[in-house]
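**Student:**
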Amino acid sequence: MEIVKVDSYEEVSQKAAESVAGLLHRKQDAVIGLATGSTPEGMYARLVRMYRENEIDFSSVSTFNLDEYLGLSRDHPQSYHTYMHRHFFDHVNVDPERINIPRCGDEPPELVCRDYEKKLKDAGGLDLQILGIGTNGHVGFNEPAAYLYTDTHVVDLAEETIEANSRFFKSREEVPGKAVTMGVGSIMGAARIVLLASGRSKAKAIRDMCSGKITTFVPASLLQLHKDVTIIADREAARLLP
């Protein structure tokens with residue numbers, strides 16, 4: 115596990131974008147796992163700029179998003195489908211047929227999960243997975259629990275996660291209580307993982323995931339078992355590390 119400490123959120127975003135660009139220069143048809151939330155927004159902005167300056171090309175790339183809320187339509191302002199198009203897909207040349215986000219409409223969630231996992235396996239797995247981290251140590255929406263799922267599944271969101279995400283909604287009551295998320299096995303199957311962390315609120319989670327101990331109550335701690343993980347953290351997020 116490599117830990118890259120930088121001074122600012124801007125540097126986190128730049129180094130993350132460089133990781134994606136470096137992969138595309140080596141493999142034009144890369145399969146990339148993508149994250150949502152406030153932390154990756156700067157990375158997406160830089161990738162859009164690189165594309166507009168003809169530094170990178172997304173035409174042969176396939177993408178898989180980590181998760182999506184259950185109970186929100188695709189065009190809901192806070193769905194992750196809307197988020198990804200607003201921040202990234204509408205501004206680059208990713209083939210729409212190669213974009214994969216869990217479908218959380220009228221189909222049975224169990225079928226959605228099974229189909230999503232099959233698509234991921236049919237794509238040959240992920241060359242790169244971009245991750246954020248929750249204040250409680252979750253990755254994707256794999257919440258702290260006595261056990262974790264390996265494959266894509268439906269999850270009940272933790273109260274801490276609902277509270278943290280309520281800032282994106284008009285009220286806490288509007289935040290969905292369930293989501294579809296890639297499992298830890300799906301995430302750990304990526305050839306490379308890059309996790310981004312910014313801000314003082316993420317410091318404890320980063321410390322706990324790097325503690326040398328592994329527990330399902332800090333899902334991110336399982337990443338210590340992966341052969342190629344890079345954590346890019348700004349000064350505040352890394353403040354509790356040695």
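No gaps in the numbering here: position 120 of the sequence shown is 234 in my numbering, and each next residue is one more.
C-beta atoms are modelled at their ideal positions from N, C-alpha and C, and glycine is treated no differently.
Note that this is a predicted model, so its numbers are computed, not measured.
Note down the Cα distance separating ALA131 from ILE320, rounded to an integer number of angstroms.
**Tutor:** For the purposes of this step, residue 131 is identified with residue 17 of the sequence shown, where counting begins at 1. For the purposes of this step, residue 320 is identified with residue 206 of the sequence shown, where counting begins at 1. Cα-Cα distance, rounded: 20 Å.
**Student:** Can you look up GLN338 in the DSSP assignment and give me helix, strand or coil?
**Tutor:** Stepping through the sequence shown from its first residue, residue 338 is reached at position 224. GLN338 falls in the helix class under three-state DSSP.
**Student:** Less than 8 Å between the CB atoms is what I'm expecting for ALA293 and TYR165, so what's the real figure, rounded?
**Tutor:** As a working note, residue 293 is residue 179 in the sequence shown. As a working note, residue 165 is residue 51 in the sequence shown. Not quite, the Cβ-Cβ distance comes to about 29 Å (not below 8 Å), so this is no contact.
**Student:** Using the C-alpha atoms, what's the distance from VAL162 back to ALA259?
**Tutor:** On the sequence shown, position 145 is the one that residue 259 refers to. On the sequence shown, position 48 is the one that residue 162 refers to. Going from the Cα of ALA259 to the Cα of VAL162 covers about 37 Å.
**Student:** Go ahead and label GLU257 buried or exposed: buried means 16 or more other beta carbons lie within 10 angstroms of its beta carbon, across all protein chains shown.
**Tutor:** Sequence index remark: in the sequence shown, residue 257 carries index 143 (1-based). The residue is buried, with at least 16 neighbouring Cβ atoms inside 10 Å.
**Student:** Please determine, among THR264, GLY313, ARG286, the residue with the shortest C-alpha to C-alpha distance to GLU274.
**Tutor:** Walking along the sequence shown from the start, residue 274 turns up at place 160. Checking every option, the nearest Cα to that of GLU274 belongs to ARG286.
**Student:** Give the single residue among VAL208, ARG200, TYR194, GLU231 whose Cα lies nearest to the Cα of GLY219.
**Tutor:** For this step, residue 219 is matched to residue 105 along the sequence shown. Comparing Cα-Cα distances from GLY219 to each of VAL208, ARG200, TYR194, GLU231, the minimum goes to TYR194.
**Student:** What are the boundary residues of the beta strand (DSSP E) that includes SER300?
**Tutor:** Counting from one through the sequence shown, the residue named residue 300 turns up at place 186. Looking at the DSSP string, SER300 is not in any beta strand (DSSP E); the run it does join, the alpha helix (DSSP H), is 298-302.
**Student:** For VAL294, list the residues DSSP reports as bridge partners.
**Tutor:** Taking the first residue of the sequence shown as 1, we reach residue 294 at position 180. Its beta-bridge partners are GLU182, VAL268.
**Student:** DSSP state of ASP357, grouped into three classes?
**Tutor:** There is simply no residue 357 to check, as the chain begins at 115 and stops at 356 in what is shown.
**Student:** What distance in whole Å lies between the Cβ atoms of ILE247 and MET323, which are believed to be in contact at a cut-off of 8 Å?
**Tutor:** As a working note, residue 323 is residue 209 in the sequence shown. As a working note, residue 247 is residue 133 in the sequence shown. The pair is a contact, with the Cβ atoms about 7 Å apart (cut-off 8 Å).
**Student:** I'd like to check one pair, GLY297 with THR329: are the Cβ atoms closer than 8 Å?
**Tutor:** Here residue 329 refers to the residue found at position 215 when the sequence shown is read from its first residue. Here residue 297 refers to the residue found at position 183 when the sequence shown is read from its first residue. No, the pair does not count as a contact, with Cβ atoms beyond the cut-off.
**Student:** Should LEU242 and ARG306 be called a contact, given that it needs their Cβ atoms to be closer than 8 Å?
**Tutor:** Residue 242 sits at position 128 when you count from the first residue of the sequence shown. Residue 306 sits at position 192 when you count from the first residue of the sequence shown. In this structure, ARG306 lies closer than 8 Å to LEU242 by Cβ.
**Student:** Excluding sequence positions up to five away, which residues of its chain have a Cβ less than 8 Å from the Cβ of LYS129?
**Tutor:** Taking the sequence shown and counting its residues from 1, the one referred to as residue 129 is at position 15. The residues are VAL118, VAL120, ILE346.
**Student:** Taking buried to mean at least 16 other C-beta atoms within 10 Å of its own C-beta, is LEU225 buried or exposed?
**Tutor:** Within the sequence shown, numbered from 1, the residue matching residue 225 stands at position 111. That one is exposed.
**Student:** Once the 5 residues before and after VAL208 are set aside, which same chain residues still bring their CB inside 7 Å of it?
**Tutor:** Here residue 208 refers to the residue found at position 94 when the sequence shown is read from its first residue. Closer than 7 Å at Cβ, skipping near neighbours: PHE172, VAL175, THR177.
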